[in-house]
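S.K.: In this text, residue positions in the sequence shown follow UniProt numbering: the first is 1, and each later residue adds one.
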Amino acid sequence: MDYWQGLETGNKSVENLKAIAREFVNHARSTLKAVATETLEYLKPYKDDLGSLYDHVKESVKEKLKNNA
Numbered sequence: 001m002d003y004w005q006g007l008e009t010g011n012k013s014v015e016n017l018k019a020i021a022r023e024f025v026n027h028a029r030s031t032l033k034a035v036a037t038e039t040l041e042y043l044k045p046y047k048d049d050l051g052s053l054y055d056h057v058k059e060s061v062k063e064k065l066k067n068n069a
């Protein structure tokens, strides 16, 4: 799965970040733990811009790590 597909290189607009976050949340169950953690760290500086969507990402990562799957 390619979270970055369709995004302009170097473009970190809020809409692109939201697209990444939504894509992650939609596929969190099939994501590797390392990718989940990396995604959370990548999005962390933008948590204010993402609002509640960041909270969804954070919860998805928490569940992924908890389930150890």
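We put the beta carbon where it would ideally sit given N, CA and C, even for glycine.
(1) The alpha helix (DSSP H) that contains TYR42, what's its start and end?
(2) Return the CA-CA distance between LYS47 and ALA36, expressed in angstroms with no decimal places.
(3) Quick one: what does DSSP say SER13 is sitting in, helix, strand or coil?
(4) What do you reckon, are the CB atoms on ALA28 and SER52 nearer than 8 Å?
(5) Among the candidates LEU43, LEU32, GLU41, whose CA atom is the shortest distance from the CA of LYS66?
(6) What are the boundary residues of the alpha helix (DSSP H) that includes TYR54?
M.R.: Quick look at the numbers:
(1) Walking along the sequence shown from the start, residue 42 turns up at place 42. Counting along the chain, the alpha helix (DSSP H) containing TYR42 begins and ends at 33 to 43.
(2) Counted from its first residue, the sequence shown places residue 47 at position 47. Counted from its first residue, the sequence shown places residue 36 at position 36. Between LYS47 and ALA36, the C-alpha separation is close to 15 Å.
(3) What you label residue 13 is simply residue 13 of the sequence shown in a count that begins at 1. DSSP places SER13 in coil when its eight states are reduced to three.
(4) Taking the sequence shown and counting its residues from 1, the one referred to as residue 28 is at position 28. Taking the sequence shown and counting its residues from 1, the one referred to as residue 52 is at position 52. Not closer than 8 Å, so no.
(5) For this step, residue 66 is matched to residue 66 along the sequence shown. For LYS66, the nearest C-alpha among the options comes from LEU32.
(6) On the sequence shown, residue 54 is found 54 positions in, with the first residue counted as 1. Segment 52 to 67, the alpha helix (DSSP H) holding TYR54.
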